[in-house]
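Chemist: Shown below is the structure under consideration.
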Amino acid sequence: MSSSRRARAKRLKQILANILVGILGLVALMLIVGLFLPKEYHVERSIEIRAKPEAVFRDLTALRTWPEWTVWNQQMDPTVKFEFDSPDSGVGAGYRWNGAKMGDGRLKITKADPAKGIEYSLEFQRGQYGSAGSITYEPVGEGLRVTWVNEGSMGKNPIGRYMVMAMDSMLGPDMEGGLSRLKVRAEGGPR
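Each residue of the sequence shown is one higher than the one before, counting from 1 in the working numbering.
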């Protein structure tokens, strides 16, 4: 091998080594920065609905209606299948889903108060990721202010903490869509 070929091969090895060191450095930096990002998220959306509490509460506690008013349904994921647990509504009611786009998950009502709304637990990927949520309401004007909250923690996972920063933009629009559809139902729209 000529000396010029050896010199080119040596330069190529050095360039590749520098690229590898740069990539490893970038990965290390991202992991370190991830440790300092917030681990908890809170997503909240509200809407005013001209309806009585019982009209909203009925759809919140009867989980079989959720695919009708939330955006997480067969329009979003035609492959999704739902399974509903007993009881049909109220505390302890729950449902599971599994679909190509929506993945697998489970929601269970943990608290139900006809005067205030509901609280629920939510799990994804067979319980690997969990969160807590609520859909509550309070009187305002001639109706109700309905507020949907979902919050959780990514724990010590530095990669998951990057997701915390995107949670509002990921969940918020879906929650807004669900609240808008709940408004139509509660105000006497099509069922």
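We put the beta carbon where it would ideally sit given N, CA and C, even for glycine.
1) On the DSSP bridge list, what partners appear for Arg45?
2) By the three-class DSSP mapping on this structure, what secondary structure does Trp97 have?
3) Less than 7 Å separating the beta-carbons of Thr110 and Tyr120?
4) For Asn18 and Arg8, what's the separation of their Cα atoms in angstroms?
5) How would you label Gly141, buried or exposed, when you count the other beta carbons within 10 angstroms and need 16 or more for buried?
6) Taking the continuous alpha helix (DSSP H) assigned at Pro67, which residues delimit it?
7) According to DSSP, is Lys111 part of a helix, a strand, or is it coil?
8) Could you check the C-alpha separation between Ala115 and Pro53 for me, to the nearest Å?
9) For Ile118, which option in Val149, Glu83, Leu12 has the closest C-alpha, if you only look at C-alpha atoms?
10) Thinking Val43 and Asp168 are a contact (beta carbons under 8 Å), I'd like their distance in whole angstroms, please.
11) Going by beta carbon distance, what residues of the same chain come within less than 6 Å of Ser134, once the five residues before and after it are set aside?
12) Label Phe57 either buried or exposed according to how many other C-beta atoms from any shown protein chain fall within 10 Å of its C-beta, with 16 as the threshold for buried.
13) Return the chain-ordered list of same chain residues with a C-beta closer than 8 Å to the C-beta of Gly155, the five sequence neighbours on each side being excluded.
14) Would you say Phe50 and Glu176 are within 7 Å of each other, going by their C-beta atoms?
Modeler: The short version:
1) According to DSSP, Arg45 bridges with Trp148.
2) DSSP places Trp97 in strand when its eight states are reduced to three.
3) In contact: Thr110 and Tyr120 (Cβ atoms closer than 7 Å).
4) Asn18 and Arg8 have their alpha carbons spaced roughly 15 Å apart.
5) Exposed, because fewer than 16 other Cβ atoms sit within 10 Å of the Cβ of Gly141.
6) 66-69 is the span of the alpha helix (DSSP H), which, as asked, contains Pro67.
7) Here Lys111 sits in strand by DSSP.
8) Near 7 Å, if we compare the C-alpha coordinates of Pro53 and Ala115.
9) Closest in C-alpha terms to Ile118, from the list Val149, Glu83, Leu12, comes Val149.
10) With 8 Å as the limit, Val43 and Asp168 qualify as a contact, their Cβ atoms being about 5 Å apart.
11) Contacts found: Glu119, Val149.
12) Counting the other CB atoms within 10 Å of its CB gives Phe57 a total of 16 or more, which places it among the buried residues.
13) Counting only Cβ-Cβ distances below 8 Å, and skipping sequence neighbours, we find Lys39.
14) Strictly speaking, residue 50 in this sequence is Arg, with Phe absent from that position. For Arg50 and Glu176, no; Cβs fall outside 7 Å.
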